[in-house]
Amino acid sequence: MLGGYVGKILRVDLTKEAITEEGLPSESTLRKYLGGLGLGLKILDEEQPVDVKPLDPENRMIFLTGPLTGTAVPSANNLAIITLSNETGYSVGSSHAHGYFAPYLKFAGYDGIIVKGAAKKPVYLWIRGGKAELRDASHIWGKDTHETQDLIKDELGDRSETSVAAIGPAGENLLAGGAIETDKHHLWAKGGVGSIMGSKKLKAIAVSTRGGKGIRISDAEGLLSVAREWQQAALSPPVWAATISGPKGINQGYWRYSGKLKEMPPWFRRYKQSLLAVKNLSDPAFGPVWGKGVYDEAVKFKTKAVGCFSCPRGCGYTTHITTGPYKGVMTTLAGGGENMEGAAGMVGVTEPGTNFYLTDLYDRLGLDSSTPGCAISLAFECYERGIITKKDTEGLELKWGNGDAVITLLEKMVKREGFGAVLADGPKKAAERIGGEAPKYAVHIKGTGMNMHDWRSAWSVMLAQITGGASPCWQGAGVDAFSPEPDLGFPNLSDDPASAEGKAEAVWKTRSKKLLEDSLGICWFGAWGVPGVMDFERRAIAATVGWKDFTVEEGLTLGHRVSTAQRLFGMKRGLTKENDLDVGQRLLEAPIAGLAAGKAFGDYIVDLIKQYYTLEGWDPESGRPLPTTLKRLGLEEMAKGLPAD
Amino acid sequence: MNKVLIVDPSKCVGCRLCQTVCSMVKSGEAGIYKSRIKNIRFPDDYFFAPLVCPQCEIPYCAQVCPTIALTKNPETGVVELKKEKCVGCKMCLVACPFGAIYMDGSVPMKCDLCEGDPMCVKFCRSEALTYGEPEDIGEGKRVGVAEKMKEASAAPVEV
């Protein structure tokens, strides 16, 4: 019997209102794909016909933990949602979030849930102690993500031991960027998963620890030993050391960076100088101005750290805004700055409290802030340039900094009303609908948003967002921004982030590590840049599951396997190299200021993609995985059904 | 006096690592169910209380035990359970004012301080759990208050 895995999957057919259980795939399949993204993709590819569209009832949502979820390793708390992405329509959607939901699901008796079909009326799913049932959610439909979590917990009579994953009005109304929130701070924001869930009329999933059971561990002593070492190592990298308030203390909130630091670490300097995404990326020099203005005020707000299950870091935070028009409001955010850049930086909002308020509003609506945020910031730039006027915007003045207009626009987008309908399906479609010069200014990759920083100054991340097999997300980051990867031979941040040299290799290598980690059931923040982490992961797998001969090589091969498997999945649904080149002009042009001033990523994109394809073992022209690659990775079966060469 | 497990709930972030590792070291499984330390949670108020046997000087659990299965070890200070004497009457669960002793199948389970090297303390990142002398309990609070007094009474210094 394998440790780590519970051994059961819950199957929910919403059309038939039927819930069944089944076992996990064979041990050899588990060893090849582990869990999370790897295993989810394998199951989705096998089961789902290629002509199924994202919002069709037949599009499965596979909620999967990994073998390390619920153990004592750092941040052993990831739940992956694997589905056909609603952001692109052809790639796999790979969405991740943390908090407590994932370990609680395992305690409740399931490694994962596979949801298919669509309910006739809104429902929510309740799981605890080996039991699951669908309950009426008609009275909750329309409520925001926070209210939904509270209402369901009260209805079930348990605020303390229940975790709820909920959609908000955005997902209900099938917006591009629809997201799912859990435990108030954590969102599955990529892949459009909130709208897929909305199309199924599934309002929420509630999971309780009551009546549950622990997880069998093959070698508990061995796991404790590696978990302890891993935890110590996880606190050492510069990207994390800066966020920790004391020698042993949990991170006291992202916004304490500038307040507590005596010396700015290199990654933070680079970030503030050139990577902040502001004003639809039209004015990079404004980035540091925006950043300083918000940060300097935000350190005065009352911030408290919020942790996830088994996390030594605690990147979540509650913030009481103490100045400005939103004084007195409490916001519940998490992670880095992407969400705030998407919600507020990209429209040039400088009022610090408003930055927090808008970011929190996206969370409450159940909405990723990059895809819709880029549609809104496009509208602002078009307004500033006179391409659209008050006539088009129903009287709204879309001038940089107008946070109130963002709130009104979001309301209209959720209702798909008036100008909101123009913006509700992402930045590329919005540009096409606005017409004229608008497509020149749309910030998008494959028509959708990305992790919202200005990657024109970090070319490995730009390449990673462009070539990532799921809709643009953190699939391999290279080493240009935030963190090096010592275990992969990158002990330092790159010297020249806005250059082409070595970037394809950096993406290819860091991608294999990341996709392995996405299949382990852990949060990336416990593994990113952590020295020795590859060996910790190997030892943790061995001690948890019992595969004593698991190697680092095997793990990285798994990562490469998942990367090629994502390519196959997409190609069967129409993905070609043209889609990899589908990048907004603004991203390909040289920025006018910053680290990359005068350097255009667009001059190198074709060559970089070719280099990347070659490294993956795909045809350099088409990106089609070569037969030798398929054989090496054991993907020949999955490649059947590829369109003819 | 013997060292004790010191709990500061104001520092607990609710990560439940203490429960996970206690469960692993005592029962080989990961989870909250076999843990000797509980975490009572108010997530919407962001307040989490680690709750564990305080190894009472005069333990009620030992007083009510009909078979003297529970005794305070004079050397280690641990209130120990001899399983072979236990008849599973559960009176110790009823008697404990903190609810800090629980059933594990047919016998009770409680904290035994891991032979003087508590695992939960090793993993706690926020210093909500420490292992120290009883006289140190509250020291952090006393110093914190004193520092505030110091700030409030700072006299202007002539340069």
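Here the protein sequences line up with chains A and B, keeping their order.
For any residue, its number in the working numbering is found by taking its place in the first sequence, counting from 1, and adding 34.
For any residue, its number in the working numbering is found by taking its place in the second sequence, counting from 1, and adding 872.
Beta carbons: idealized from backbone N, C-alpha and C, even for Gly.
Just so it is clear, the structure is predicted and the values come from calculations on it, not from any experiment.
**Study point:** residue 219 of chain A burial status per 10 Å Cβ neighbour count (16 or more: buried)
**Key:** In the first sequence, counting from the first residue as 1, residue 219 of chain A sits at position 185. That one is buried.
Exercise for review: Would you check if the region 143-159 of chain A and the region 120-130 of chain A touch, i.e. whether three or more CB-CB distances between them fall below 8 Å?
Suggested key: Contact between the region 120-130 of chain A and the region 143-159 of chain A is absent: fewer than three C-beta pairs spanning the two stretches fall below 8 Å.
Exercise for review: Run the CB neighbour count on residue 945 of chain B, radius 10 Å, all protein chains shown included, and call it buried at 16 or more, exposed below.
Suggested key: The residue given as residue 945 of chain B occupies position 73 in the second sequence. It counts as exposed.
Check your understanding: Does any C-beta atom of chain A lie closer than 8 Å to the C-beta of residue 966 of chain B?
Key -> Here residue 966 of chain B is taken as the residue at index 94 of the second sequence, counted from 1. So no, residue 966 of chain B is outside the interface.
Review point. Relative to the alpha-carbon of residue 202 of chain A, which residue among A:210, A:189, A:196 and A:182 has its alpha-carbon at the smallest distance?
Key: The sequence position of residue 202 of chain A within the first sequence is 168, counting from 1. Of A:210, A:189, A:196 and A:182, the residue nearest in Cα terms is A:182.
Review point. Does DSSP put residue 339 of chain A in a helix, a strand or coil?
Key: As a working mapping, residue 339 of chain A is identified with position 305 in the first sequence. Residue 339 of chain A falls in the strand class under three-state DSSP.
Review point. Should residue 96 of chain A go down as buried or exposed, given a rule of 16 or more other Cβ atoms within 10 Å for buried?
Key: One-based indexing of the first sequence puts residue 96 of chain A at position 62. Residue 96 of chain A comes out buried.
Exercise for review: Determine the chain A residues that contact residue 913 of chain B at a beta-carbon separation under 8 Å, and present them in chain order.
Suggested key: Start at 1 with the first residue of the second sequence, and residue 913 of chain B comes out as number 41. Around residue 913 of chain B, the beta-carbon contacts reaching into chain A at under 8 Å are 194 and 195.
Point to revise | Contact set for residue 258 of chain A: own chain, Cβ-Cβ below 6 Å, skip 5 residues either direction | key: As a first step, residue 258 of chain A must be located in the first sequence, where it is residue number 224. So the list is empty, once near-sequence residues are dropped.
Exercise for review: Give the straight-line distance between the Cα atoms of residue 377 of chain A and residue 184 of chain A, rounded to the nearest whole angstrom.
Suggested key: Here residue 377 of chain A refers to the residue found at position 343 of the first sequence. Here residue 184 of chain A refers to the residue found at position 150 of the first sequence. Straight across, the Cα-Cα distance linking residue 377 of chain A with residue 184 of chain A is about 24 Å.
Exercise for review: Quick one: residues in its chain with C-beta nearer than 6 Å to the C-beta of residue 350 of chain A, no 5 flanking neighbours on either side, listed in chain order?
Suggested key: Within the first sequence, residue 350 of chain A is the residue found at index 316, counting from 1. Non-local C-beta neighbours of residue 350 of chain A in its own chain, meaning closer than 6 Å and more than five positions away in sequence, comprise 219, 340 and 368, ordered along the chain.
Check your understanding: Would residue 991 of chain B be called buried (16 or more neighbouring beta carbons within 10 Å of its own) or exposed?
Key -> Walking along the second sequence from the start, residue 991 of chain B turns up at place 119. That one is buried.
Practice item. Using a Cβ cut-off of 9 Å, pull out every chain B residue sitting near residue 260 of chain A, in sequence order please. Key: The residue labelled residue 260 of chain A in the question sits at position 226 within the first sequence. Neighbours of residue 260 of chain A in chain B, taken as residues at a C-beta separation under 9 Å, are lacking, since the least C-beta distance is about 12 Å.
Check your understanding: Nearest-angstrom Cα distance between residue 168 of chain A and residue 161 of chain A?
Key -> As a first step, residue 168 of chain A must be located in the first sequence, where it is residue number 134. As a first step, residue 161 of chain A must be located in the first sequence, where it is residue number 127. Those two C-alpha atoms are separated by around 9 Å.
Check your understanding: Which value, in whole angstroms, describes the spacing of the CA atoms of residue 535 of chain A and residue 657 of chain A?
Key -> One-based indexing of the first sequence puts residue 535 of chain A at position 501. One-based indexing of the first sequence puts residue 657 of chain A at position 623. CA-CA distance, residue 535 of chain A to residue 657 of chain A, rounds to 20 Å.
**Study point:** Closest by C-alpha distance to residue 7 of chain A, when choosing among A:434, A:551, A:35 and A:86
**Key:** There is no way to answer for residue 7 of chain A, as the model of chain A reaches only from 35 to 679.
Check your understanding: Among the residues of its own chain, which have a CB less than 6 Å from the CB of residue 18 of chain A, if the five just before and after it don't count?
Key -> Residue 18 of chain A lies beyond the stretch modelled for chain A, which goes from 35 to 679, so this question has no answer here.
Practice item. Output yes if chain B places a C-beta closer than 8 Å to the C-beta of residue 251 of chain A; else output no. Key: As a first step, residue 251 of chain A is located in the first sequence; it is residue number 217 there, counting from the start. By this cut-off, residue 251 of chain A is an interface position.
Practice item. Can you give me, in chain order, the residues of the region 873-888 of chain B that have a beta carbon less than 7 Å from any beta carbon in chain A? Key: So the close ones are 885, 886, 887 and 888.
**Study point:** Beta carbon proximity, residue 903 of chain B to chain A, threshold 8 Å
**Key:** Translated into positions along the second sequence, residue 903 of chain B becomes position 31. Yes, its Cβ sits closer than 8 Å to a Cβ of chain A.
Practice item. For residue 562 of chain A, name the three-state secondary structure that DSSP assigns. Key: Residue numbering aside, residue 562 of chain A sits at position 528 when the first sequence is read from its first letter. Here residue 562 of chain A sits in coil by DSSP.
Exercise for review: Taking the CB atoms as reference points, tell me whether residue 919 of chain B and residue 194 of chain A lie closer together than 8 Å.
Suggested key: Walking along the second sequence from the start, residue 919 of chain B turns up at place 47. Walking along the first sequence from the start, residue 194 of chain A turns up at place 160. When the beta-carbon positions are compared, residue 919 of chain B and residue 194 of chain A stay at least 8 Å from each other.
Review point. Which residues, in order along the region 974-999 of chain B, keep a beta-carbon less than 8 Å from a beta-carbon of chain A?
Key: Answer set for the region 974-999 of chain B: 991, 994, 995, 997, 998 and 999.
Check your understanding: Which ranges does the beta strand (DSSP E) cover as unbroken runs of at least 3 residues, wholly within the region 110-153 of chain A, from first to last along the chain?
Key -> Within the region 110-153 of chain A, the complete beta strand (DSSP E) runs of at least 3 residues are 113-118, 126-131 and 146-150.
Check your understanding: Comparing the C-beta of residue 1020 of chain B with each C-beta of chain A, is any distance below 8 Å?
Key -> Here residue 1020 of chain B refers to the residue found at position 148 of the second sequence. At a cut-off of 8 Å between beta-carbon atoms, residue 1020 of chain B makes no contact with chain A.
Check your understanding: Where residue 412 of chain A and residue 465 of chain A are concerned, what is the direct C-alpha to C-alpha distance, given to the nearest angstrom?
Key -> The residue you call residue 412 of chain A lines up with position 378 of the first sequence. The residue you call residue 465 of chain A lines up with position 431 of the first sequence. Between the C-alpha atoms of residue 412 of chain A and residue 465 of chain A there is a straight-line separation of about 8 Å.
Check your understanding: How about residue 504 of chain A and residue 225 of chain A: do their beta carbons lie closer than 8 Å?
Key -> By 1-based counting over the first sequence, the position of residue 504 of chain A is 470. By 1-based counting over the first sequence, the position of residue 225 of chain A is 191. Their beta carbons are under 8 Å apart, which means residue 504 of chain A touches residue 225 of chain A by this criterion.
**Study point:** Exposure label - residue 677 of chain A; buried when at least 16 CB within 10 Å
**Key:** In the first sequence, counting from the first residue as 1, residue 677 of chain A sits at position 643. Exposed, because fewer than 16 other Cβ atoms sit within 10 Å of the Cβ of residue 677 of chain A.
Check your understanding: Roughly how many angstroms lie between the CA atoms of residue 883 of chain B and residue 240 of chain A, to the nearest whole one?
Key -> Here the question's residue 883 of chain B lines up with position 11 in the second sequence. Here the question's residue 240 of chain A lines up with position 206 in the first sequence. So the two alpha carbons sit approximately 27 Å from each other.
Exercise for review: Could you tell me which of A:317, A:94 and A:361 sits nearest to residue 335 of chain A, measuring between CA atoms?
Suggested key: Taking the first residue of the first sequence as 1, we reach residue 335 of chain A at position 301. The residue with the shortest Cα to Cα distance from residue 335 of chain A is A:361.
**Study point:** DSSP state of residue 45 of chain A mapped onto helix, strand, coil
**Key:** Translated into positions along the first sequence, residue 45 of chain A becomes position 11. Three-state DSSP puts residue 45 of chain A in a strand.
Review point. Considering only the beta carbon of each residue, do residue 439 of chain A and residue 461 of chain A sit closer than 8 Å?
Key: The sequence position of residue 439 of chain A within the first sequence is 405, counting from 1. The sequence position of residue 461 of chain A within the first sequence is 427, counting from 1. One thing to note: residue 439 of chain A has its Cβ no nearer than 8 Å to the Cβ of residue 461 of chain A.
Exercise for review: Find out if the Cβ-Cβ distance for the pair residue 540 of chain A, residue 633 of chain A is shorter than 8 Å.
Suggested key: Here residue 540 of chain A corresponds to residue number 506 of the first sequence, with the count starting at 1. Here residue 633 of chain A corresponds to residue number 599 of the first sequence, with the count starting at 1. No.
Check your understanding: Within 8 Å (strictly less), CB to CB, does residue 247 of chain A reach chain B?
Key -> Your numbering for residue 247 of chain A matches position 213 in the first sequence. At least one chain B Cβ lies under 8 Å of residue 247 of chain A.
Point to revise | Alpha-carbon to alpha-carbon, residue 81 of chain A and residue 357 of chain A | key: As a first step, residue 357 of chain A must be located in the first sequence, where it is residue number 323. As a first step, residue 81 of chain A must be located in the first sequence, where it is residue number 47. Between residue 357 of chain A and residue 81 of chain A, the alpha-carbon positions lie close to 53 Å from each other.
Point to revise | Helix, strand or coil at residue 875 of chain B [DSSP, three-state] | key: As a working note, residue 875 of chain B is residue 3 in the second sequence. Coil at residue 875 of chain B, not helix or strand.
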